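Here the structure is laid out as structure tokens; the discussion comes afterwards.
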Amino acid sequence: MAPPPLNDPCATGETACDVLVIGGGPAGSTAATLLAERGYHVHVLDKDRHPRFHIGESLLPANLPLFERLGVADDIRAIGMHKPGAEFVSPHHAHTQTFMFAEAWNKALPSAYQVKRAEFDQV
Numbered sequence: 073m074a075p076p077p078l079n080d081p082c083a084t085g086e087t088a089c090d091v092l093v094i095g096g097g098p099a100g101s102t103a104a105t106l107l108a109e110r111g112y113h114v115h116v117l118d119k120d121r122h123p124r125f126h127i128g129e130s131l132l133p134a135n136l137p138l139f140e141r142l143g144v145a146d147d148i149r150a151i152g153m154h155k156p157g158a159e160f161v162s163p164h165h166a167h168t169q170t171f172m173f174a175e176a177w178n179k180a181l182p183s184a185y186q187v188k189r190a191e192f193d194q195v
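So the sequence shown is numbered by this note's numbering: it starts at 73 and just counts up by one.
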């Protein structure tokens, strides 16, 4: 008999928890981590196993302080491609708009990162 999947706490017979987080992607795993730091007994349920294929993740500068708090900022820098801004292109006409993060509302966060989702999920 195969061992129970790691993403299914009910398969181990343990069903009691304070918080049940549905989804183990970046948002769910972050929420679970922050709740556990506050002393809650947290379970995370996800229909998929991680890492899994997913389109790349375009991180924003406002994410960086959270990565510092979670202790993963160096890991993100190691797997990410430096991104000083973003450019949007309209599919209906030739108009483009470029946004440089250094010119945004928080000048202390002048850049972000583009990451491969499978590598990001591993962090």
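Positions of the beta carbon are idealized from the N, C-alpha and C atoms, including for glycine.
Predicted model, so just to flag it, every value in this text is computed and none were measured.
Can you round the beta-carbon distance between P133 and F173 to whole angstroms, since I take them to be within the 8 Å contact cut?
Here residue 133 corresponds to residue number 61 of the sequence shown, with the count starting at 1. Here residue 173 corresponds to residue number 101 of the sequence shown, with the count starting at 1. That pair is a contact at about 5 Å.
For P76 and Y185, I'd like the C-alpha separation in whole angstroms.
Counting from one through the sequence shown, the residue named residue 76 turns up at place 4. Counting from one through the sequence shown, the residue named residue 185 turns up at place 113. With a pLDDT of 38 at P76, under the threshold of 50, the predicted position of this residue should be treated as unreliable, though the coordinate-derived value follows. Near 35 Å, if we compare the C-alpha coordinates of Y185 and P76.
Please work out which residues of its chain come closer than 8 Å, Cβ to Cβ, to E159, disregarding the five sequence neighbours upstream and downstream, and give them in chain order.
Counting from one through the sequence shown, the residue named residue 159 turns up at place 87. Counting only Cβ-Cβ distances below 8 Å, and skipping sequence neighbours, we find T168, Q169, T170 and F171.
Report yes if the C-beta distance between V187 and G128 is below 8 Å; otherwise report no.
The residue labelled residue 187 in the question sits at position 115 within the sequence shown. The residue labelled residue 128 in the question sits at position 56 within the sequence shown. Result yes, Cβ atoms of V187 and G128 sit closer than 8 Å.
Just verifying my parser: in three-state terms, what is the DSSP assignment at T168?
Here residue 168 is taken as the residue at index 96 of the sequence shown, counted from 1. In the structure shown, T168 sits in a strand (DSSP, three-state: E or B).
Determine the DSSP secondary structure at S162, reduced to helix, strand or coil.
Here residue 162 refers to the residue found at position 90 when the sequence shown is read from its first residue. In the displayed model, S162 falls within coil according to three-state DSSP, outside both helix and strand.
Since V116 and A104 should fall inside the 8 Å C-beta cutoff, what is the C-beta to C-beta distance between them, to a whole number of angstroms?
Position 44 of the sequence shown, counted from the start, is the residue given in the question as residue 116. Position 32 of the sequence shown, counted from the start, is the residue given in the question as residue 104. Beta-carbon to beta-carbon, V116 and A104 are separated by about 5 Å, close enough to satisfy the 8 Å threshold.
Between which two residues does the beta strand (DSSP E) containing I94 stretch?
Here residue 94 is taken as the residue at index 22 of the sequence shown, counted from 1. DSSP places I94 inside the beta strand (DSSP E), whose first and last residues are V91 to I94.
Report all residues from its chain with a CB closer than 6 Å to the CB of Y112; omit the five preceding and five following residues, and keep chain order.
To locate residue 112, count along the sequence shown from 1; it is residue 40. Counting only Cβ-Cβ distances below 6 Å, and skipping sequence neighbours, we find D90 and V91.
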